[in-house]
Each structure stands twice: as C-alpha cells, then as structure tokens.
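Mapped onto numbering that gives the first Met the number 0, the consecutive letters of the sequence shown carry residue numbers 0 to 371. A virtual CB, placed ideally from N, CA and C, is assigned to each residue, including glycine. Structure first, then comments.
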Amino acid sequence: MNIRRIALHHIRLPLKAPFAASYGTYTERETILVEMEDDTGATGWGECVAFAEPWYSEETVETAWHVMGRFLVPAVLERPVGHPSELADRFAFVRRNRMAKAGLEQACWDLYAKRNGLPLAKVLGGVRHEVEAGVAVGLQDGTDALLAAIEGYLAEGYRRIKIKIKPGLDLEPIAAIRRRHPDLPLMADANSAYTLDDIPRLKALDAFDLLMIEQPLDADDIVDHAVLQREIATPVCLDESIAGAADARRALDLGSCRIINVKAGRVGGLAEAKRIHDLCEARGVPVWCGGMLESGVGRAHNIALASLPNFTIPGDLSSSSRYWHRDVVHPDVTVKDGKIQVPDGPGIGFDVDREFVARMTVRRAAFGSGPS
Ligand code: MG
Numbered sequence: 000m001n002i003r004r005i006a007l008h009h010i011r012l013p014l015k016a017p018f019a020a021s022y023g024t025y026t027e028r029e030t031i032l033v034e035m036e037d038d039t040g041a042t043g044w045g046e047c048v049a050f051a052e053p054w055y056s057e058e059t060v061e062t063a064w065h066v067m068g069r070f071l072v073p074a075v076l077e078r079p080v081g082h083p084s085e086l087a088d089r090f091a092f093v094r095r096n097r098m099a100k101a102g103l104e105q106a107c108w109d110l111y112a113k114r115n116g117l118p119l120a121k122v123l124g125g126v127r128h129e130v131e132a133g134v135a136v137g138l139q140d141g142t143d144a145l146l147a148a149i150e151g152y153l154a155e156g157y158r159r160i161k162i163k164i165k166p167g168l169d170l171e172p173i174a175a176i177r178r179r180h181p182d183l184p185l186m187a188d189a190n191s192a193y194t195l196d197d198i199p200r201l202k203a204l205d206a207f208d209l210l211m212i213e214q215p216l217d218a219d220d221i222v223d224h225a226v227l228q229r230e231i232a233t234p235v236c237l238d239e240s241i242a243g244a245a246d247a248r249r250a251l252d253l254g255s256c257r258i259i260n261v262k263a264g265r266v267g268g269l270a271e272a273k274r275i276h277d278l279c280e281a282r283g284v285p286v287w288c289g290g291m292l293e294s295g296v297g298r299a300h301n302i303a304l305a306s307l308p309n310f311t312i313p314g315d316l317s318s319s320s321r322y323w324h325r326d327v328v329h330p331d332v333t334v335k336d337g338k339i340q341v342p343d344g345p346g347i348g349f350d351v352d353r354e355f356v357a358r359m360t361v362r363r364a365a366f367g368s369g370p371s
C-alpha cells in the first residue's frame, strides 16, 4: 500500500451522561480520529483512545497529537506498507506512546481490509458473527441510582454488568446488586484504587461471586497483584498493567491474574492485541475486550477484535446510544438480544459520517499529498 495522505481529526463529543471512575469524571470525550488514504483512493479509519487528561495512562490527546504528527505519521508516509502488522516495528524508534501508535495502525488495518474486500474481523482471524455485549456503569450517587442504572441496561439486553468501585464504594453497592440479582454476571473495575493494605476488604468481595475484579492495584504492578491473587478467590483481571504480550506472559508466569482485558490502544495496536489473545488462548486464559469510551470508529475496531475465538467473556461492547446522542458512524452500533452483529462489509464495516465529524472537529491536520 502506498499511503499518500493521513489526516488527524481532533473531535469533541458530548457524553449523554457523565461517566465517573475512581480517577475522575468525564462529561465529554475528546478523541483523535485517524484517516489514512492510499494511492487507489481507498480510505481507512482508526481512533487514538488517549483521553484529554492523563488519568488512565500517561498519554493524552495532546501528547498523541504531537507524537503522531511529528514522528509516527512521517514513518508511515516514508515508504509503502505491505501489511499493517509491519507498523509496530516501524514505530519502534518511538518509546511507549502506544495509543498514538495504535490509532495509526488501526487506520492501516481498516485500509488493508478494504483494499482486500474483506471484513476487518476476518482479516484479524475472527470466527464470530456476533459478539456478546456488556456495559460498564460508572460510579453513581448512591446505591439506588446504581440499581436503577443496572435495571435500565438489563432491560436493554446487556448480559454482563461491570461497575466501577473504589474503597468505601464497593462492598455495600455490590451486596445490594447481589440481593436483587443473585445470578447476574457481574464484575468490578477498581482502576488501581486499592493497595495490599486493602486485602481484607478485597477478600470480603469473594462472597459475591464476581466474574472478576479488574485492576485493583497499581497501574504498573504485576508483583503485588500476584500476592493479592493468592489471597483471594475472585479472579484478578489486569487492564492497565498489561502494555503488551511480554507483560501478559510475565503476569501469567507470576500468577498475577487469571483473566486479561485486551485493549488495542493500550498495547500499541491490533497486531499486539492479537498476540496477547493468542498467548492467553495457548495458556487457557480467557480474555475480553475493554472499552475506552470510544466513538463509533474505535468501537467498530473493538467489535472486530472481539470476534476472535478466545474472547469468551462479554466485553465493554455497548451500543452507540450508551454514550452518544449521535455517533460518528453509520449505522449506529446496536445491541439486540444482548449481542452486537459483527459487520460483514469490507474493513470496519461502518461508514464514517464526515459531515458530523467536521462539525465536532476542534482541529485538523493533514499530511502527505493528494486531496485533503
Ligand atoms: Mg479497566
């Protein structure tokens, strides 16, 4: 593929309702959409999932904008790309900055799949025609509000509920959910809000038959998580701590977790995400696809990724309407009977609504030659 033009669209989308986690609250989502065009006029789209603030990781929209524009985009334009999986090596001269790398790599995967007339899911090795939907419920003002939010999502057909927790907002809400929904597939995400001093509190969660507790300890840690996993019966799932397949291998060797949350943005792209998937599959460890409040572009990539065989736990895969009054893609991502169809059209299988993207754009930069 001769990539002749790359455009970055920094957009700002208002969230339908504020989303709160242990690290902060979002009322809008700033994100960067990546548009990549080759010399046949085919176009691929990706999304850089860095947030405006460095709460989830050190990357932000601003750092990604800088790193993509100054370093990564020129590396893509400099010579033809045979296959999207080549980009990780080509980007290796830039340390970390994985969300910036993944945004460009995703656009290249979409372009590659379109050039070959194949759905992205198929190109990645997906085997499912539909993926199970799950929803992440942010921290709420009180248990009644949390229970009401959960009722609403169950009525919409979601099969798995994930709630955000932090010390003091954990045992009571989880006990209340369990009283009302004894058999609901339920899990809790702490986004690193606990330490080993909290072992008694985390151990108390064993009584509630959670699918897993996600990232209870430090975002960089796999050692303390191994200590914790030995102490509690609930499976630990790692999210922030796993920046690539090497981390996943170390964490599994140490016994730091029994489940891994895979996010292409966090690990530098779809090729690395697939590597983690394959490693976990070989080790008999289930994975699921995490969410980063993506717009429809990132959401479409997540759906394709989650069609791989070892994604056996419902991911943070929700409808467009869960977050947005209006999404940037056509058609909307929809949940029916608890499932999302994996598109069978070429590439990500959703069309980008350019007019709406233009309206939501804060700034734009185009690189290379050709019409902009
Ligand atoms: Mg998480």
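Report task. For my contact list, R179 and L146 are in at a C-beta cut-off of 8 Å; report their separation, rounded to the angstrom. Result -> Counting from 1 along the sequence shown, the entry for residue 179 is found at position 180. Counting from 1 along the sequence shown, the entry for residue 146 is found at position 147. That pair is a contact at about 6 Å.
Query - Heavy atom of the ligand MG within 7 Å of G167 beta-carbon - result: Here residue 167 refers to the residue found at position 168 when the sequence shown is read from its first residue. Because no heavy atom of the ligand MG lies under 7 Å away, the Cβ of G167 does not count as near it: no.
Requested in this report: Could you check how far apart the C-beta atoms of V327 and V351 are, in whole angstroms? I think they sit under 8 Å.
Outcome: If you number the sequence shown from 1, residue 327 lands on position 328. If you number the sequence shown from 1, residue 351 lands on position 352. Correct: roughly 6 Å between the Cβ atoms.
Requested in this report: Name the residue from D217, P199, A174, E280 whose alpha carbon lies nearest to the alpha carbon of A189.
Outcome: Translated into the one-based positions of the sequence shown, residue 189 becomes position 190. That would be D217, whose Cα lies nearest to the Cα of A189.
Query raised in the report: If we count the other Cβ atoms within 10 Å of its Cβ and call it buried at 16 or more, is L128 buried or exposed?
Result: For the purposes of this step, residue 128 is identified with residue 129 of the sequence shown, where counting begins at 1. In the sequence as presented, Leu is not what sits at residue 128; that position holds His. Exposed, because fewer than 16 other Cβ atoms sit within 10 Å of the Cβ of H128.
Query raised in the report: Is A225 near S255, with beta carbons less than 8 Å apart?
Result: For the purposes of this step, residue 225 is taken as residue 226 along the sequence shown, with counting starting at 1. For the purposes of this step, residue 255 is taken as residue 256 along the sequence shown, with counting starting at 1. In contact: A225 and S255 (Cβ atoms closer than 8 Å).
Query raised in the report: Cα-Cα, which of I10, I2, V72 is closest to E354?
Result: Reading the sequence shown from its first residue, position 355 is the one you call residue 354. E354 has its Cα closest to that of I10, out of I10, I2, V72.
**Report entry** Spatial distance of I241 from A247 (CA atoms)
**Finding:** For the purposes of this step, residue 241 is taken as the residue at position 242 of the sequence shown. For the purposes of this step, residue 247 is taken as the residue at position 248 of the sequence shown. Roughly 6 Å separates the two Cα atoms.
Report task. Can you have a look at A99 and say buried or exposed, based on whether 16 or more other CB atoms are within 10 angstroms of its CB? Result -> On the sequence shown, residue 99 is found 100 positions in, with the first residue counted as 1. With 16 or more Cβ atoms within 10 Å of its Cβ, A99 is classed as buried.
Query raised in the report: Does DSSP classify V361 as helix, strand or coil?
Result: As a first step, residue 361 is located in the sequence shown; it is residue number 362 there, counting from the start. If DSSP states are grouped into helix, strand and coil, V361 belongs with the strands.
Requested in this report: With a threshold of 7 Å, establish whether the CB of N301 neighbours any heavy atom of the ligand MG.
Outcome: If you number the sequence shown from 1, residue 301 lands on position 302. Answer for N301: no, Cβ out of range of the ligand MG.
Query raised in the report: Within 10 angstroms of its Cβ, does F18 collect 16 or more other Cβ (buried), or is it exposed?
Result: Translated into the one-based positions of the sequence shown, residue 18 becomes position 19. With 16 or more Cβ atoms within 10 Å of its Cβ, F18 is classed as buried.
Query raised in the report: Less than 8 Å separating the beta-carbons of V284 and A272?
Result: Walking along the sequence shown from the start, residue 284 turns up at place 285. Walking along the sequence shown from the start, residue 272 turns up at place 273. No. Outside cutoff.
Report task. Could you work out which residue in L183, G124, V66, H82 is closest to A106 when comparing CA atoms only? Result -> One-based indexing of the sequence shown puts residue 106 at position 107. Checked all of L183, G124, V66, H82; the closest Cα to A106 is H82.
Requested in this report: Measure the C-alpha to C-alpha separation of L117 and W44 and round it to an integer number of angstroms.
Outcome: For the purposes of this step, residue 117 is identified with residue 118 of the sequence shown, where counting begins at 1. For the purposes of this step, residue 44 is identified with residue 45 of the sequence shown, where counting begins at 1. Cα-Cα distance, rounded: 15 Å.
Query raised in the report: For the putative contact between L185 and L210, defined by C-beta atoms under 8 Å, what is the C-beta separation to the nearest angstrom?
Result: Counting from 1 along the sequence shown, the entry for residue 185 is found at position 186. Counting from 1 along the sequence shown, the entry for residue 210 is found at position 211. Their Cβ separation, rounded to whole angstroms, is 6 Å, which keeps L185 and L210 in contact under 8 Å.
Query raised in the report: Would the beta-carbon of G289 be found less than 7 Å away from any heavy atom of the ligand MG?
Result: As a first step, residue 289 must be located in the sequence shown, where it is residue number 290. At least one heavy atom of the ligand MG is nearer than 7 Å to the Cβ of G289, so yes.
Query raised in the report: Could you give the distance in angstroms between the alpha-carbon of E155 and the alpha-carbon of V334?
Result: Numbered from its first residue, the sequence shown carries residue 155 at position 156. Numbered from its first residue, the sequence shown carries residue 334 at position 335. Taking the straight line from one Cα to the other gives about 8 Å.
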